[in-house]
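In my numbering, the protein residues as written are 3 to 127.
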């Protein structure tokens, strides 16, 4: 068993190849099956469109946000809510226009495929 403490750091600032706006990524815990980490989004900040080879689980810890997929449109996301993006499902997630969001992400399989940015029109739904 391996343990990763939140105080272990480092926290990494989200880069423009994966995110729009101010995003911070907590220490990552990785294993053969995938990885897990905490992600903090400022209001309006969001991921780019992306997909995961084995899917992705999200659990909203605090705040409010949005999650969108090419198949299902945009939905609200709040503390205590959870999301599963299936294997290969193209989606995005981030803070609400007027509120930050912190979520815990569990990524299954290999590295995600990062696609284009989410436009303001797509973000607004």
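Glycine included, each C-beta is placed from N, C-alpha and C at the ideal position.
Return helix, strand or coil for residue 91, following the three-state DSSP convention. Against the chain shown, residue 91 aligns to sequence position 89. For residue 91, the three-state secondary structure derived from DSSP is coil.
Coil, strand or helix - residue 24 by DSSP: Taking the chain shown and counting its residues from 1, one reaches residue 24 at position 22. In the three-state reduction of the DSSP assignment, residue 24 falls in the coil class, being assigned neither a helical nor a strand state.
Take residue 112 and list the residues in its own chain whose beta-carbon comes closer than 6 Å to its own, dropping the five residues that flank it on each side. Start at 1 with the first residue of the chain shown, and residue 112 comes out as number 110. Taken in chain order, the residues that qualify are 55.
Reducing DSSP to helix, strand and coil, say where residue 13 ends up. By 1-based counting over the chain shown, the position of residue 13 is 11. In the three-state DSSP reduction, residue 13 falls in the coil class, being neither helix nor strand.
Distance between residue 11 and residue 29 (C-alpha atoms, nearest Å): As a first step, residue 29 is located in the chain shown; it is residue number 27 there, counting from the start. As a first step, residue 11 is located in the chain shown; it is residue number 9 there, counting from the start. Rounded to whole angstroms, residue 29 and residue 11 show a C-alpha spacing of 5 Å.
Compute the beta-carbon to beta-carbon distance between residue 118 and residue 51, rounded to the nearest angstrom, for a pair I have assumed lies under 8 Å. Counted from its first residue, the chain shown places residue 118 at position 116. Counted from its first residue, the chain shown places residue 51 at position 49. Here residue 118 really is in contact with residue 51; their C-beta atoms are around 6 Å apart, less than 8 Å.
Between the beta-carbon of residue 104 and the beta-carbon of residue 49, is there less than 8 Å? The residue labelled residue 104 in the question sits at position 102 within the chain shown. The residue labelled residue 49 in the question sits at position 47 within the chain shown. No. Outside cutoff.
In whole angstroms, what is the alpha-carbon distance linking residue 127 and residue 89? By one-based count along the chain shown, residue 127 stands at place 125. By one-based count along the chain shown, residue 89 stands at place 87. Between residue 127 and residue 89, the C-alpha separation is close to 23 Å.
State the Cα-Cα distance for the pair residue 62 and residue 77, rounded to the nearest angstrom. Sequence index remark: in the chain shown, residue 62 carries index 60 (1-based). Sequence index remark: in the chain shown, residue 77 carries index 75 (1-based). Their backbone Cα atoms lie some 13 Å apart in a straight line.
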